[in-house]
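Residue numbering for the sequence shown follows this note's numbering, starting at 56 and increasing by one per position.
Each residue gets a CB set at the ideal place from its N, CA and C atoms; glycine is no exception.
One structure is given below, encoded as structure tokens.
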Amino acid sequence: MSDESRANFGSKIGAILAAAGSAVGLGNIWRFPYQTGNDGGAAFILVYIGCILFFGIPVMIAEFTIGRHSRSNTARAYQILAPGTQWKWVGRWGVLTGFLILSYYAVVAGWTLEYFLQAAGNSFIGKTPEQFTESFNTFTASPWRSVLWLVLFMFATHFIIVKGVQQGIERSAKILMPVLFILLIIMAFCSVLLPGSGPGLEFLLMPDFNKVNSGVLLSAMGQTFYSLSLGMGCLCTYASYFQSDTNLTKTAINVATIDSMVAILAGLIIFPAAFSVGIQPDAGPSLVFITLPNVLTRAFAGLPWLTYILSTAFYLLLALAALTSTISMHEVVTVYLHEEFKMSRRKAAWLVTSICGFIGIICALSMGIGKEYTLFGMTLFDIFDFVTAKLMLPIGGFFISIFTGWYLDKKILHDELNSGGHLPVFLYKAIVFILRVVAPIGIGFVFINELGVL
Ligand code: PHE
Numbered sequence: 056m057s058d059e060s061r062a063n064f065g066s067k068i069g070a071i072l073a074a075a076g077s078a079v080g081l082g083n084i085w086r087f088p089y090q091t092g093n094d095g096g097a098a099f100i101l102v103y104i105g106c107i108l109f110f111g112i113p114v115m116i117a118e119f120t121i122g123r124h125s126r127s128n129t130a131r132a133y134q135i136l137a138p139g140t141q142w143k144w145v146g147r148w149g150v151l152t153g154f155l156i157l158s159y160y161a162v163v164a165g166w167t168l169e170y171f172l173q174a175a176g177n178s179f180i181g182k183t184p185e186q187f188t189e190s191f192n193t194f195t196a197s198p199w200r201s202v203l204w205l206v207l208f209m210f211a212t213h214f215i216i217v218k219g220v221q222q223g224i225e226r227s228a229k230i231l232m233p234v235l236f237i238l239l240i241i242m243a244f245c246s247v248l249l250p251g252s253g254p255g256l257e258f259l260l261m262p263d264f265n266k267v268n269s270g271v272l273l274s275a276m277g278q279t280f281y282s283l284s285l286g287m288g289c290l291c292t293y294a295s296y297f298q299s300d301t302n303l304t305k306t307a308i309n310v311a312t313i314d315s316m317v318a319i320l321a322g323l324i325i326f327p328a329a330f331s332v333g334i335q336p337d338a339g340p341s342l343v344f345i346t347l348p349n350v351l352t353r354a355f356a357g358l359p360w361l362t363y364i365l366s367t368a369f370y371l372l373l374a375l376a377a378l379t380s381t382i383s384m385h386e387v388v389t390v391y392l393h394e395e396f397k398m399s400r401r402k403a404a405w406l407v408t409s410i411c412g413f414i415g416i417i418c419a420l421s422m423g424i425g426k427e428y429t430l431f432g433m434t435l436f437d438i439f440d441f442v443t444a445k446l447m448l449p450i451g452g453f454f455i456s457i458f459t460g461w462y463l464d465k466k467i468l469h470d471e472l473n474s475g476g477h478l479p480v481f482l483y484k485a486i487v488f489i490l491r492v493v494a495p496i497g498i499g500f501v502f503i504n505e506l507g508v509l
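Laid out in structure tokens, this is it:
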């Protein structure tokens, strides 16, 4: 594809918001709270913040460098920067990972549509906590309802991808992000002010380091890559649309900050409220879908219209946040097929939508009628989550840091990091050191510890 047909993001803030749009999604609001709940609360959050600093931001800078310098899809990017080598497999690995994540992510994204409709239809008011649990279980067990929403969500993603992404992504992110942020702050306040929320706050803020084991480290590392959309060439693809004077380091820090703040806000909404209404923090993937409607109905028991507005707005924004993430995954695979196999963009998009939709349907069914079919105690849905988030993304991140730290011409890295503002020398050196040594050894260490591999 020529440079002219690769539209750029129109502004620097647009680039930040588009990347943040990919990063902020179900990973922050749905996955982060239940991982935190499963893995020990505050201690998990501290490890997670460490992972963002030592793996997340540097790998993001690496992906930005690769993408903007090559101005290409993630697989071709490696062929441009390392012609005739096997590095292209890192890009292809990313495309495969994106494809697999999209397939099961869209299932949960579909749940947000169901909950948006329930909220808009005023069906939360008057429900008891038990009824919320029951209605979630009935919904996910129903073979056709979750499939219907999944298919609808895939079509919505498809439609935007075909319509031309850059404009759509940039414009929607500019409005969506600030509104989502304000809504989350309001809801966090409501949750903290609920009677009996104290233990929830304690759970989030008082770390108990006895709870940190190698499983927690792997979870936090997986969550970092997942939440920041790293390790699969997604931000690499977006960076190929960045302007040539966008400051990559600043953009990476901004995106990571926005993403972490949204995750922490989600935690502040869920845990105080969960403790207040007596829901176990380790309730798993259903946590957001059971706790949140519960919180909203209980917090404003005397003001049903406020519950109505907040819950409708919340699920709508969550669906839109998920959409800006599914678009980014879809884009990685579509642009790869389009540019590498000379397919029209439309045809490539159809191929991705239909195959991911099909796998998604099987994942959705695995939570309901297929619940008995498990492997190592996990349903197909859980297996997809485990393999992609905890294995494939960190492996991608490992090779991306080695590629940028050791293989990539240092002049390219230096020039890319210094365009759009001079980077202090110590910061440049620190980034190179982390990419060469800290990130690969850190990721490798977590793997060896938890899985006995590498
Ligand atoms: N970061 C997204 C989220 O938090 C998920 C995602 C993962 C998007 C990988 C793109 C690539 O919801």
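Straight across, the Cα-Cα distance linking I180 with I450 is about 45 Å. Excluding its 5 nearest sequence neighbours in each direction, S274 has C-beta neighbours in its own chain below 6 Å: Q90, D94, listed in chain order.
Bounds of the alpha helix (DSSP H) holding E257 are 253-260. Relative to the ligand PHE, D314 has its C-beta within less than 8 Å of a heavy atom. Between S315 and I107, the C-beta gap is smaller than 9 Å, which places the two residues in contact.
Distances taken from the Cβ of S383 to the heavy atoms of the ligand PHE include one shorter than 8 Å.
If one requires a minimum length of 4 residues, the alpha helix (DSSP H) runs lying completely within the segment 284-350 are 289-294, 303-332, in chain order. In the structure shown, M276 adopts helical secondary structure according to DSSP, grouped into three states.
Remark: the shortest separation between the CB of L81 and any heavy atom of the ligand PHE falls under 8 Å.
The Cβ-Cβ distance between T212 and T408 falls below 9 Å. Distances taken from the Cβ of Y281 to the heavy atoms of the ligand PHE include one shorter than 8 Å. Relative to the Cα of I121, the nearest Cα in the group G176, A404, I382, M287 belongs to M287.
Look at M433 here: in three-state DSSP terms it is strand.
Minimum Cα-Cα distance from G96 among the listed residues D263, N177, C418 corresponds to D263.
Taking a C-beta distance under 9 Å as the contact criterion, A368 and V350 do not qualify as a contact pair. Contact annotation, Y391 with V150: C-beta distance approximately 5 Å; criterion of less than 8 Å satisfied.
Taking all protein chains shown into account, L81 has 16 or more neighbouring C-beta atoms within 10 Å of its C-beta and is therefore buried. A distance below 9 Å separates the beta carbons of I455 and E118. Assigned with DSSP and collapsed to three states, V79 falls in coil, not helix or strand. Counting along the chain, the unbroken alpha helix (DSSP H) around G452 starts and ends at 448-457. The DSSP-derived three-state label of E427 is coil. The beta carbons of P359 and Q173 sit no closer together than 9 Å. Collapsing the DSSP output to three states places G153 in a helix. The count of Cβ pairs closer than 8 Å, one atom from the segment 297-305 and one from the segment 129-138, stays below three, leaving the stretches out of contact. Per DSSP, S201 is one residue of the alpha helix (DSSP H) stretching across 198-218. With fewer than 16 other beta carbons inside 10 angstroms of its own, H477 counts as exposed. K426 is a Cβ neighbour of A196, given a cutoff of 9 Å.
Annotated three-state conformation of K466 is helix, per DSSP. DSSP places H385 within a helical segment (H, G or I) once states are collapsed to three.
Annotation for F453: P495, I498 place their beta carbon closer than 6 Å to its own, counting only its chain and skipping 5 residues before and after. A check of alpha carbon separations from M276 across K484, R200, G111 identifies G111 as the nearest.
Here the segment 233-240 makes contact with the segment 365-384; the two share three or more CB pairs at distances below 8 Å. Counting along the chain, I116 sits inside the alpha helix (DSSP H) bounded by residues 112-125. Taken through DSSP and simplified to helix, strand or coil, I416 comes out as helix.
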